[in-house]
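In our numbering, the protein residues as written are 40 to 299.
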Ligand code: COA
């Protein structure tokens, strides 16, 4: 499949998806959102892909937000549809059953911050800037900013970002827990690849069930969440991956997981 706004490379089981509109700081217009949705579906279905890294083209931006030119044209119902489409696309990455990592290489504003938050792990370069500046434009976030941000950084930090619209630098994003690691820009992709290689060497079924247990558990009571965890713990007992992982440990060798 070819894309007009994305670069896609698959190497050693890892898909590198680069949003490629650097002249517009990789802003998410309708074509980008639609191509990202197509890419998410294709990567979900591709058994050779075990993990995904999302990043932006150029040295300046991950994604500088939804395309403001598009937003300027929208009315009530197409605005709602645009938000729902973007949310569905981000769900497709969040729920693809494979680990997804955002390598945040610059501005991650509005839809860019929202896209990074739908990923399971975020690593930032030192020049990264996060923000939910929608209120500057007289609009509200549409791709999950009011929902995922408080779940990740807590209500106080989230409302601070959402109401002040101020940019948060990489060091503050790390302090808030918005990212897990900050590295120099020239090391970002190598660090992202190293992290993802380490993750995809683990049991694929266990990875998928762990992500699902965390996401579903955050939406429910502790008791229900613990039941989801126990169900996953029982389910993995039926997998070849579990036999292989435990046997490899006992035989003092590296496990070779097949995701079965
Ligand atoms: N939508 C559409 N175009 C955007 C964009 C967006 N969200 N963000 C940046 N661009 C475009 C600019 O219009 C400009 O295009 P042009 O060269 O054709 O005029 C180009 O990207 C470069 O941006 P520019 O503003 O010149 O770069 P800068 O370094 O001066 O500022 C930002 C960078 C990120 C601070 C600034 O672009 C900005 O505030 N962008 C909007 C961020 C935002 O509000 N996002 C949330 C949207 S809901």
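For glycine and all other residues, C-beta sits at the position ideal for the given N, C-alpha and C.
These numbers come from a predicted model, not from an experiment.
Measuring only the C-alpha atoms, how far is residue 264 from residue 112?
Spanning the two alpha carbons is a distance of roughly 42 Å.
What are the partner residues of residue 208, as DSSP defines its beta bridges?
168.
Just verifying my parser: in three-state terms, what is the DSSP assignment at residue 267?
Of the three classes helix, strand and coil, the one that applies to residue 267 here is helix, per DSSP.
For residue 132, is the classification buried or exposed, using 16 other Cβ atoms within 10 angstroms of its Cβ as the cut-off for buried?
Buried, since its Cβ has 16 or more Cβ neighbours within 10 Å.
Cα separation between residue 282 and residue 158?
The straight-line gap from Cα to Cα measures roughly 29 Å.
Flag this pair as touching only if the stretch 74–86 and the stretch 96–115 have three or more C-beta atom pairs under 8 Å; answer yes or no.
The stretch 74–86, when compared against the stretch 96–115, does not touch it at the 8 Å Cβ threshold.
With 16 as the cutoff for other CB atoms within 10 Å, does residue 127 come out buried or exposed?
With fewer than 16 Cβ atoms within 10 Å of its Cβ, residue 127 is classed as exposed.
Suppose you measure from the CA of residue 45 to the CA of residue 64; what does that come to, to the nearest Å?
Straight-line Cα distance between these residues: approximately 13 Å.
Would the beta-carbon of residue 250 fall within 9 Å of that of residue 172?
Against a cut-off of 9 Å, the Cβ pair of residue 172 and residue 250 comes out as no contact.
Would you give the residue range spanned by the alpha helix (DSSP H) that residue 230 belongs to?
From DSSP, the alpha helix (DSSP H) with residue 230 extends over 227–239.
Using only Cβ atoms and a threshold of 7 Å, which residues come within that distance of a heavy atom of ligand 1? Order them by chain position.
Checking every Cβ against the heavy atoms of ligand 1 under 7 Å gives 62, 63, 64, 66, 99, 100, 103, 104, 105, 106, 107, 108, 110, 146, 148, 149, 150, 172, 173, 175, 176 and 178.
From residue 278 to residue 104, what distance separates their C-alpha atoms?
If I take the Cα positions, the gap works out to 41 Å.
Restricting to Cα atoms, I'd like to know which of 142, 257, 102 and 60 is closest to residue 54.
Comparing Cα positions, the closest option is 142.
Inspect the CB distances between the stretch 206–218 and the stretch 160–177 and report whether three or more fall short of 8 Å.
Taking 8 Å as the limit for Cβ pairs, the verdict is that the stretch 160–177 does touch the stretch 206–218.
Count the other CB atoms within 10 Å of the CB of residue 180; is the residue buried (16 or more) or exposed (fewer)?
It counts as buried.
Straight-line CA distance for residue 125 to residue 72?
Each residue's Cα considered, the two are about 6 Å apart.
Taking buried to mean at least 16 other C-beta atoms within 10 Å of its own C-beta, is residue 168 buried or exposed?
It counts as buried.
Ordered along the chain, which non-local residues of its own chain (more than five positions away) have a Cβ less than 7 Å from that of residue 312?
Missing from the structure shown is residue 312; the chain here goes from 40 to 299 and no further.
In the DSSP assignment, what residue or residues form a beta bridge with residue 50?
BP columns for residue 50 point to 53.
In terms of residues, what are the limits of the alpha helix (DSSP H) holding residue 253?
243–256 is the span of the alpha helix (DSSP H), which, as asked, contains residue 253.
Quick check on the burial criterion: 16 or more other C-beta atoms within 10 angstroms. Buried or exposed for residue 115?
That one is exposed.
Rounded to a whole number of angstroms, what is the C-alpha to C-alpha distance between residue 221 and residue 57?
If you take the alpha carbons of residue 221 and residue 57, they lie about 19 Å apart.
Starting from residue 220, trace the beta strand (DSSP E) both ways and give me its first and last residue.
Element bounds for residue 220: 220–222.
By the DSSP assignment, the beta strand (DSSP E) with residue 146 in it spans what residues?
It spans 146–148 - the beta strand (DSSP E) in which residue 146 sits, taken as one unbroken run.
Which partner residues does residue 143 have in the DSSP bridge list?
Partner(s): 163.
So what's residue 114 in DSSP terms, helix, strand or just coil?
Note: residue 114 maps to coil in three-state DSSP.
With residue 195 as the anchor, note down where its alpha helix (DSSP H) starts and where it stops.
Element bounds for residue 195: 194–203.
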